[in-house]
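Colleague: Please read through the structure below; I'll follow up with questions.
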């Protein structure tokens with residue numbers, strides 16, 4: 002599955018050089034970080050509503066939208082999904098309470 006994230010990350014990088022009128026992602030980059038963050042907020046809300054409604058297909062659909070827009074934000078910030086995966090790997094084996102305590106210091 003990581004291959005899918007890497008492939009998407011590559012496409013998102015390519016969109017940085019495209020015209021805003023030719024690509025939805027390029028238009029997000031052109032509009033800037035605030036627009037990208039607003040989309041993440043919208044998609045997060047839609048994901049929460051889908052989960053609350055218990056519609057599994059809608060949960061998957063909305064989560065895909067949320068992840069997609071998070072990846073756009075990562076690319077806009079010159080980050081790669083591997084950066085997030087490395088952080089998740091670092092946390093693997095830590096209890097959630099231990100990880101949270103390490104951030105509170």
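Numbering (my numbering), first residue to last: 2 to 106.
Ideal Cβ positions, reconstructed from N, Cα and C, are used throughout, including at glycine.
Measure the CB-CB distance between residue 50 and residue 67 and report whether it falls below 8 Å.
Modeller: In the chain shown, residue 50 corresponds to position 49, counting from 1. In the chain shown, residue 67 corresponds to position 66, counting from 1. No, these two residues do not count as a Cβ contact at 8 Å.
Colleague: Distance, Cα to Cα, residue 32 vs residue 13?
Modeller: For the purposes of this step, residue 32 is taken as the residue at position 31 of the chain shown. For the purposes of this step, residue 13 is taken as the residue at position 12 of the chain shown. C-alpha separation (whole angstroms): 15 Å.
Colleague: May I ask you to report which of helix, strand or coil DSSP gives residue 1?
Modeller: Here the chain has residues from 2 to 106 only, and residue 1 is not among them.
Colleague: Please return the same chain residues whose Cβ sits closer than 8 Å to the Cβ of residue 28, not counting the five positions on each side in sequence.
Modeller: The residue labelled residue 28 in the question sits at position 27 within the chain shown. If we look at residue 28 and ignore the five residues flanking it on each side, its Cβ neighbours are 21 and 22.
Colleague: By the three-class DSSP mapping on this structure, what secondary structure does residue 17 have?
Modeller: For the purposes of this step, residue 17 is taken as the residue at position 16 of the chain shown. Correct three-state label for residue 17: coil.
Colleague: Below 8 Å between beta carbons: does that hold for residue 89 and residue 81?
Modeller: The residue given as residue 89 occupies position 88 in the chain shown. The residue given as residue 81 occupies position 80 in the chain shown. In this structure, residue 81 does not lie closer than 8 Å to residue 89 by Cβ.
Colleague: Taking 8 Å as the threshold (C-beta atoms), are residue 26 and residue 73 in contact?
Modeller: Against the chain shown, residue 73 aligns to sequence position 72. Against the chain shown, residue 26 aligns to sequence position 25. For residue 73 and residue 26, yes; Cβs fall inside 8 Å.
Colleague: Give me the residue from 87, 94, 92 and 77 with the minimum Cα distance to residue 10.
Modeller: As a first step, residue 10 must be located in the chain shown, where it is residue number 9. Closest option to residue 10, Cα to Cα, is 77.
Colleague: Would you report the Cα separation of residue 87 and residue 61, rounded to the nearest angstrom?
Modeller: In the chain shown, residue 87 corresponds to position 86, counting from 1. In the chain shown, residue 61 corresponds to position 60, counting from 1. Their Cα atoms are separated by approximately 24 Å.
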